[in-house]
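Here's the structure, in structure tokens; my notes come after.
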Amino acid sequence: MHQYIDQLNEAQREPVLQKDGPMIIIAGAGSGKTRVLTIRIAYLMHQGIDAFNILSLTFTNKAAREMKNRISQIVGSGEAKNLWMGTFHSVFARILRAESDHLGYPSNFTIYDSQDSARLISSIIKEMQLDRDIYKPKQVLSRISSYKNSLITVKAYFNNPELIEADAMAKKPRLGEIYQQYVERCFKAGAMDFDDLLLKTNELLTRFPEILAKYQNRFRYILVDEYQDTNHSQYLIVRALSDRFQNICVVGDDAQSIYAFRGANINNILNFQKDYEGVKTFRLEQNYRSTRNIVEAANTIIDKNKTKLDKVVWTANDFGPKIKVHRSLTDAEEGRFVASTIFEQKMQNQLHNGAFAILYRTNAQSRAMEDALRKRDIPYRIYGGLSFYQRKEIKDVLCYLRLVINPKDEEALIRVINYPARGIGDTTIEKLTIAANHYKRSIWEVMQNVDKIDLKLNSGTKQKLADFVTMIQSFQVINENQDAFYITDHVAKKTGLVQELKKDATPEGMAKIQNIEELLNGIKDFTEGQKEIDGARGALSEFMEDVALATDLDKDTSDEDRVALMTIHLAKGLEFPHVFVVGMEEDLFPSAMSMSTRSELEEERRLFYVALTRAEHQAYLTYAQSRYRWGKLTDSEPSRFIEEIEGQYLEYLTPAESNYRYKPQIDSDIFGDVDKSKLRLAKPVAGTPPKYITNNEPKPEAVIRKLKPMGNTSSSGSTNLFDNQLVVGNVVMHERFGKGQILNLEGVGADKKAEIKFEVGGIKKLLLRFAKLEVI
Ligand code: ATP
Ligand code: MG
25 MHQYIDQLNE
35 AQREPVLQKD
45 GPMIIIAGAG
55 SGKTRVLTIR
65 IAYLMHQGID
75 AFNILSLTFT
85 NKAAREMKNR
95 ISQIVGSGEA
105 KNLWMGTFHS
115 VFARILRAES
125 DHLGYPSNFT
135 IYDSQDSARL
145 ISSIIKEMQL
155 DRDIYKPKQV
165 LSRISSYKNS
175 LITVKAYFNN
185 PELIEADAMA
195 KKPRLGEIYQ
205 QYVERCFKAG
215 AMDFDDLLLK
225 TNELLTRFPE
235 ILAKYQNRFR
245 YILVDEYQDT
255 NHSQYLIVRA
265 LSDRFQNICV
275 VGDDAQSIYA
285 FRGANINNIL
295 NFQKDYEGVK
305 TFRLEQNYRS
315 TRNIVEAANT
325 IIDKNKTKLD
335 KVVWTANDFG
345 PKIKVHRSLT
355 DAEEGRFVAS
365 TIFEQKMQNQ
375 LHNGAFAILY
385 RTNAQSRAME
395 DALRKRDIPY
405 RIYGGLSFYQ
415 RKEIKDVLCY
425 LRLVINPKDE
435 EALIRVINYP
445 ARGIGDTTIE
455 KLTIAANHYK
465 RSIWEVMQNV
475 DKIDLKLNSG
485 TKQKLADFVT
495 MIQSFQVINE
505 NQDAFYITDH
515 VAKKTGLVQE
525 LKKDATPEGM
535 AKIQNIEELL
545 NGIKDFTEGQ
555 KEIDGARGAL
565 SEFMEDVALA
575 TDLDKDTSDE
585 DRVALMTIHL
595 AKGLEFPHVF
605 VVGMEEDLFP
615 SAMSMSTRSE
625 LEEERRLFYV
635 ALTRAEHQAY
645 LTYAQSRYRW
655 GKLTDSEPSR
665 FIEEIEGQYL
675 EYLTPAESNY
685 RYKPQIDSDI
695 FGDVDKSKLR
705 LAKPVAGTPP
715 KYITNNEPKP
725 EAVIRKLKPM
735 GNTSSSGSTN
745 LFDNQLVVGN
755 VVMHERFGKG
765 QILNLEGVGA
775 DKKAEIKFEV
785 GGIKKLLLRF
795 AKLEVI
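Residue numbers are given in my numbering: position 307 of the sequence shown equals residue 331, and the series is strictly consecutive.
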């Protein structure tokens with residue numbers, strides 16, 4: 025037996041050793057599902073299955089990379105690199121490129137990001153002269169997206185009176201026409217949007233049996249992580265591909281299904297047994313990630329949901345600290361609490377920034393957190409939001425590059441045809457667009473034929489268009505022989521983009537140039553990496569494929585030590601020693617928009633379960649009594665989810681008897697530059713549940729009492745050694761690290777530190793001001 029199999033417990037080993045046939049692993053958070061998938065792949069390879077025959081679908085490309093690294097360590101990187109691994113979108117984009125001619129697409133098709141799609145929808149709505157208040161572009165786009173994910177093509181739409189009527193009832197009788205226009209325009213531009221990558225794959229596999237057979241033959245073993253969040257379109261792809269060999273292994277947790285709003289269908293997991301014959305079901309019950317407090321608290325939450333599979337999750341880990349609950353007056357104060365806690369914890373326990381994550385329900389909540397972290401000089405990184413590649417200056421460069429690869433790409437063309445300004449005005453672009461729609465050709469093709477079509481353009485304009493065409497063509501020639509770095513550098517200079525940015529000497533302008541440098545650095549890295557691979561030359565098209573599907577989470581930042589900020593949705597599958605779930609307030613979490621039906625509320629509860637189970641050691645739940653929402657200070661109540669956790673798992677940091685302890689302005693005014701993390705209320709009462717105040721209750725006056733340096737008010741009763749009774753050689757007991765001996769003391773007063781050799785965990789340097797030590 026291979027040694028790495030020993031890294032699994034009995035229950036985890038079974039699905040690994042079960043080589044063939046359909047199987048499902050249903051298990052709670054942190055029970056090792058992802059680990060089992062990883063080890064299973066390594067073991068399949070050791071049993072002689074060729075890496076080319078294994079397809080593994082993950083939730084993020086980052087997860088795929090981590091899995092591949094782990095597998096490389098076991099089987100060697102030469103073997104592992106041939107594995108097909110990635111998100112549905114990235115894997116099937118690759119297949120679509122190889123088979124694009126069957127669908128009438130060029131193999132260099134562009135992938136439109138959501139910005140491109142939204143802009144195109146917006147311009148279609150405008151051209152059709154529809155009311156934008158009724159046809160809101162974002163809503164229209166999400167409707168089209170849900171059609172695509174349910175495999176409702178334009179043709180299917182027009183054949184379905186129910187859908188037509190539903191849109192008419194929703195006062196959008198022309199939605200079908202917009203859908204049709206949108207699809208035609210994408211096709212003409214040689215572009216697919218994200219949903220197309222799945223829709224077209226389905227089309228490919230259903231319309232061309234020989235292609236289906238080819239990929240069925242190739243992917244003899246298919247593995248899917250986070251199966252509970254697959255949508256209908258993804259489900260059908262997996263079914264089709266696994267139909268021949270039926271070697272399909274899916275893992276998931278119904279309690280973590282959180283993407284129903286985007287079309288994920290929890291029934292895919294619930295019905296798996298019916299879809300295949302002789303399905304083996306495995307359950308994992310032991311959680312390795314979190315403390316017992318967290319695991320048990322999470323169990324009490326998910327128990328409140330009616331729709332769920334019965335599962336047991338337990339852990340052999342220590343109880344650990346209780347989940348800490350903190351109330352503050354405003355969202356700004358909430359941010360300060362989080363930042364100062366991170367600051368303290370880092371000092372006290374010698375932790376690095378990467379040990380902390382701040383999770384929120386909506387992206388807008390990150391601002392208050394960012395402000396507070398910046399004030400404390402704590403490095404952080406926001407995941408999600410606008411990704412690096414969507415920043416204006418970066419996207420401008422990328423759009424030129426997109427044109428180099430596919431000049432028919434209309435969204436790219438419209439974006440840069442007159443940026444930097446080259447005298448091609450809106451009227452000209454409009455004339456080109458109308459002609460392109462009329463002839464059912466791309467704008468690029470119209471531009472190449474301006475002499476033959478009567479567009480009523482003057483000769484100066486025609487020349488400018490011709491110059492633009494020549495410029496892009498010259499880039500294409502260079503691109504044939506050069507790598508991605510060379511061509512990008514060339515494009516950034518020759519188009520005048522860099523010169524344009526240099527005109528702006530403000531810090532923002534400088535930052536934009538630095539971003540372009542950063543892009544170039546990234547491309548350099550990519551080309552160098554690619555060149556190590558046999559036969560690859562680091563071509564632009566390969567780089568652009570990566571970029572089109574890169575989510576923010578995918579960026580490799582393992583060398584950066586930063587606090588992670590992200591929405592709970594993005595945090596799925598990840599783990600951190602310390603997790604703050606902020607904004608635990610009614611109408612925010614659960615979201616006001618998801619409380620009208622039981623199933624919506626249950627999805628919010630699953631989201632909370634996901635949030636809490638990201639924490640390994642310590643979870644914090646924080647809420648504010650008022651926060652700015654949509655520009656207005658709004659009162660809020662604590663989230664029902666706090667109340668749903670049994671009291672024994674919670675520790676309330678803010679006692680109930682005085683609901684308004686701090687006033688933020690006093691906080692900053694009185695204490696001036698004092699480090700607020702050293703201040704603490706005189707008598708924190710642990711274990712008191714908060715008083716749930718309603719908006720009508722009068723608010724008590726602010727009370728600030730007896731603030732003392734924190735070390736002197738240690739609530740645990742351990743001896744405070746801030747006053748220097750320690751000497752080198754003392755044997756001490758630390759709350760978390762246990763027994764140790766002092767090797768060295770340095771610094772004075774509040775900066776005094778001790779170097780301690782612990783029996784378990786080795787030598788650590790602790791700041792005495794925070795370290796709770798007892799001499800024994
Ligand atoms: P999630 O539902 O959140 O995706 P998961 O079920 O995929 O969780 P993993 O991420 O695979 O769980 O594992 C959780 C943690 O427990 C990881 O740090 C993993 O390395 C560790 N772990 C899993 N199984 C074992 C084991 N048998 N021994 C020690 N550690 C383990
Ligand atoms: Mg996982």
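From the three backbone atoms N, C-alpha and C, an ideal C-beta is built for every residue, glycine too.
DSSP beta-bridge partners for residue i?
{"i": "Gln310", "result": "Trp338"}
{"i": "Gly786", "result": "Phe782"}
{"i": "Gly380", "result": "What sits at residue 380 in the sequence shown is Phe, not Gly. Per DSSP, His602."}
{"i": "Val248", "result": "Leu81, Val274"}
{"i": "Asn255", "result": "Ala288"}
{"i": "Val755", "result": "Gln765"}
{"i": "Leu221", "result": "Leu221 pairs with nothing; no bridge assigned."}
{"i": "Met47", "result": "Cys273, Lys304"}
{"i": "Val799", "result": "Val756"}
With the cut-off set at 9 Å, would you say residue i and residue j are in Cβ contact?
{"i": "Val606", "j": "Val349", "result": "no"}
{"i": "Ala321", "j": "Ala643", "result": "yes"}
{"i": "Pro130", "j": "Val303", "result": "no"}
{"i": "Phe285", "j": "Arg244", "result": "no"}
{"i": "Ser314", "j": "Gly344", "result": "yes"}
{"i": "Glu103", "j": "Ser114", "result": "no"}
{"i": "His256", "j": "Asn173", "result": "yes"}
{"i": "Lys196", "j": "Arg167", "result": "yes"}
{"i": "Leu68", "j": "Lys92", "result": "no"}
{"i": "Glu599", "j": "Ala639", "result": "yes"}
{"i": "Ile202", "j": "Val164", "result": "yes"}
{"i": "Leu564", "j": "Ile453", "result": "no"}
With a threshold of 8 Å on Cβ separation, who are the neighbours of residue i within its own chain once the five nearest residues in sequence on each side are excluded?
{"i": "Pro444", "result": "Thr519, Gly520, Leu521, Gln523, Glu524"}
{"i": "Glu38", "result": "Phe306"}
{"i": "Phe83", "result": "Thr111, Asp249, Glu250, Asp253, Lys596, Gly597"}
{"i": "Asn241", "result": "Arg268"}
{"i": "Asp693", "result": "With a pLDDT of only 30 at Asp693, under 50, the local geometry of the prediction cannot be trusted, and the value read off the model is given with reservation. Counting only Cβ-Cβ distances below 8 Å, and skipping sequence neighbours, we find nothing."}
{"i": "Ile325", "result": "Arg629, Phe632, Tyr633, Leu636, Phe665, Glu668, Ile669"}
{"i": "Leu32", "result": "Val40, Gly56, Arg59, Val60, Ile63"}
Beta-carbon within less than 7 Å of residue i's beta-carbon, same chain only, minus the 5 sequence neighbours each way: which residues are those?
{"i": "Leu3", "result": "As displayed, the chain neither begins before 25 nor continues past 800, which places residue 3 out of reach and without an answer."}
{"i": "Lys781", "result": "Gly764, Gln765, Leu767, Ile787"}
{"i": "Asp513", "result": "Leu544"}
{"i": "Gln42", "result": "Lys304"}
{"i": "Tyr673", "result": "Asn317, Glu320, Ala321, Lys346, Ile347"}
{"i": "Arg143", "result": "Glu435"}
For residue i, which residues from the same chain have a beta carbon less than 6 Å from its beta carbon, with the 5 sequence-adjacent residues on both sides left out?
{"i": "Val474", "result": "Lys486, Leu489"}
{"i": "Leu247", "result": "Leu61, Ser80, Cys273"}
{"i": "Asn311", "result": "Gly54, Ser55, Val319, Val337, Thr339"}
{"i": "Ala856", "result": "The requested residue 856 does not occur in the structure, where the chain is confined to residues 25 to 800."}
{"i": "Asp217", "result": "Tyr136, Ser141"}
{"i": "Leu791", "result": "Met371, Lys777"}
{"i": "Ala616", "result": "none"}
{"i": "Asn377", "result": "Pro403, Asp585, Arg586, Val587"}
{"i": "Lys799", "result": "According to the sequence as given, residue 799 is Val; it is not Lys. Cβ within range, chain order: Asn754, Val756."}
{"i": "Ser266", "result": "Ile246, Ile272"}
For the region 223-231 against the region 113-123, are there 3 or more C-beta pairs whose distance is under 8 Å?
These segments touch.
Entirely enclosed alpha helix (DSSP H) segments - the region 479-527, minimum 4 residues
483-505, 508-518, 521-526
Is the region 496-512 touching the region 542-556 in the sense that three or more CB pairs, one from each, lie closer than 8 Å?
Under the Cβ criterion (8 Å, minimum of three pairs), the region 542-556 counts as touching the region 496-512.
Contact the region 754-768 vs the region 785-795: 3+ CB pairs below 8 Å:
yes
Stretch pair the region 376-395 + the region 351-366: three plus CB contacts closer than 8 Å
These segments touch.
Does the region 315-335 come within contact of the region 621-639, defined as at least 3 CB pairs closer than 8 Å?
Segment contact: the region 315-335 against the region 621-639, three or more CB-CB distances shorter than 8 Å; contact assigned.
When you compare the region 448-468 with the region 422-435, are there three or more beta-carbon pairs, one atom per stretch, that lie closer than 8 Å?
yes
Segments of 3+ residues assigned as beta strand (DSSP E) that fall wholly inside the region 620-678:
639-653, 656-659, 674-676
Three or more C-beta pairs below 8 Å linking the region 410-421 and the region 489-500
Here the region 410-421 does not lie against the region 489-500, with fewer than 3 beta-carbon pairs under 8 Å apart.
Kindly confirm or deny that the region 606-618 and the region 650-660 touch, where touching means at least three C-beta pairs closer than 8 Å.
yes
Start-end ranges of the alpha helix (DSSP H) lying completely within the region 84-158, minimum 4 residues
85-99, 101-104, 112-123, 138-151
Complete runs of the beta strand (DSSP E) confined to the region 384-458 [at least 3 residues]:
404-406
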